[in-house]
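Worksheet for the structure shown next.
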Amino acid sequence: MSNKKFDVDYTTKPVDRAGRKSTLSMFMIMLGFTFFSASMWVGQNLAAGLNWWGFIWAMLLGGLILAAYTGALGWIGAESGLSLDMLARRSFGTKGSWLPSAMISFTQIGWFGVGLAMFAIPIAKELLHLEVTPDFMPWQGYLLVAIAGILMTASAYFGIKSLTIISYIAVPAVAILGTVAMIMAVRRGDVGLIEQFSRGTKDLGVIAGAGLVVGSFVSGGTAT
Numbered sequence: 017m018s019n020k021k022f023d024v025d026y027t028t029k030p031v032d033r034a035g036r037k038s039t040l041s042m043f044m045i046m047l048g049f050t051f052f053s054a055s056m057w058v059g060q061n062l063a064a065g066l067n068w069w070g071f072i073w074a075m076l077l078g079g080l081i082l083a084a085y086t087g088a089l090g091w092i093g094a095e096s097g098l099s100l101d102m103l104a105r106r107s108f109g110t111k112g113s114w115l116p117s118a119m120i121s122f123t124q125i126g127w128f129g130v131g132l133a134m135f136a137i138p139i140a141k142e143l144l145h146l147e148v149t150p151d152f153m154p155w156q157g158y159l160l161v162a163i164a165g166i167l168m169t170a171s172a173y174f175g176i177k178s179l180t181i182i183s184y185i186a187v188p189a190v191a192i193l194g195t196v197a198m199i200m201a202v203r204r205g206d207v208g209l210i211e212q213f214s215r216g217t218k219d220l221g222v223i224a225g226a227g228l229v230v231g232s233f234v235s236g237g238t239a240t
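Numbering (the numbering used here) for the sequence shown: 17 to 240.
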């Protein structure tokens, strides 16, 4: 009996043709990756800090920068079949690759933690009717964080197949429910969508707004 183990994550070799996923599967996974509560928080801050046209230009500029950067990385990864760490080793050498790998690792830990908190706190407030403040959260809130963390980790543990299945379910659901929620919020307001942008602090410039757009996904785009 052979004791040879198969590297399902392709950590030391390029992804072969048999291990590659369809364009639709990758599209759904990546779209699900961008449907993230922190990105929605960035959108809220852009709306508060910019007027309508400033918001549009910041989104376009930040989106173009992200598209060029992540698109180039995606093309290189697709053509070579190499993971982020293997590309980093080829670009910077074995020891030189430690820095970009560490930067991506730490930022992804932050992404994970922020996502858990932004899930657990609204659930604790709205469904469990708990009092949560910046200085205090009851034990039930921490329990929700732990449960959400286990579920998120489990989906990754079971591999790309589980992520694909979840994405096929979650992406349409978030797109539909998010659109409905946005329409309901606008209808319940006393002014229209564009007029909503006349409110808020309006203390952001277009370049600063574009920086928020880029910063909201540049780490995730680099990693994937």
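Every residue, glycine too, gets a C-beta built ideally from N, C-alpha and C.
Query	Result
Rounded straight-line distance, which links the Cα of residue 180 to that of residue 85	24 Å
6 Å CB neighbourhood of residue 139 in its chain, flanking five on each side removed	160
Residue environment, residue 107, which counts as buried when at least 16 other CB atoms sit within 10 Å	exposed
CB contact flag (residue 99, residue 173, <8 Å)	no
Opposing strand residues paired with residue 122 [DSSP bridges]	Answer by DSSP bridge pairing: none, since residue 122 is not bridged.
Residue 149 - DSSP class collapsed to helix/strand/coil	strand
Exposed unless 16 or more other CB atoms sit within 10 angstroms - verdict on residue 17	Reliability of the predicted coordinates at residue 17 is poor, the pLDDT of 45 falling under 50, and the value obtained from them is presented with this limitation in mind. When all chains shown are included, residue 17 counts as exposed.
Simplified DSSP state of residue 67, which is helix, strand or coil	coil
Identity of the residue in 193, 134 and 152 nearest residue 53 by Cα	134
Cβ distance (whole Å) where residue 230 is taken to contact residue 82 below 8 Å	6 Å
Reduced DSSP secondary structure (H/G/I, E/B, other) of residue 178	helix
Reduced DSSP category for residue 17 - H, G, I as helix; E, B as strand; rest coil	Residue confidence is low: residue 17 scores 45 on pLDDT, short of 50, so the model does not pin down where it sits. No coordinate-derived value is stated.
Distance, residue 68 Cα to residue 210 Cα	6 Å
Integer Cβ distance of residue 49 from residue 236, believed to fall under 8 Å	6 Å
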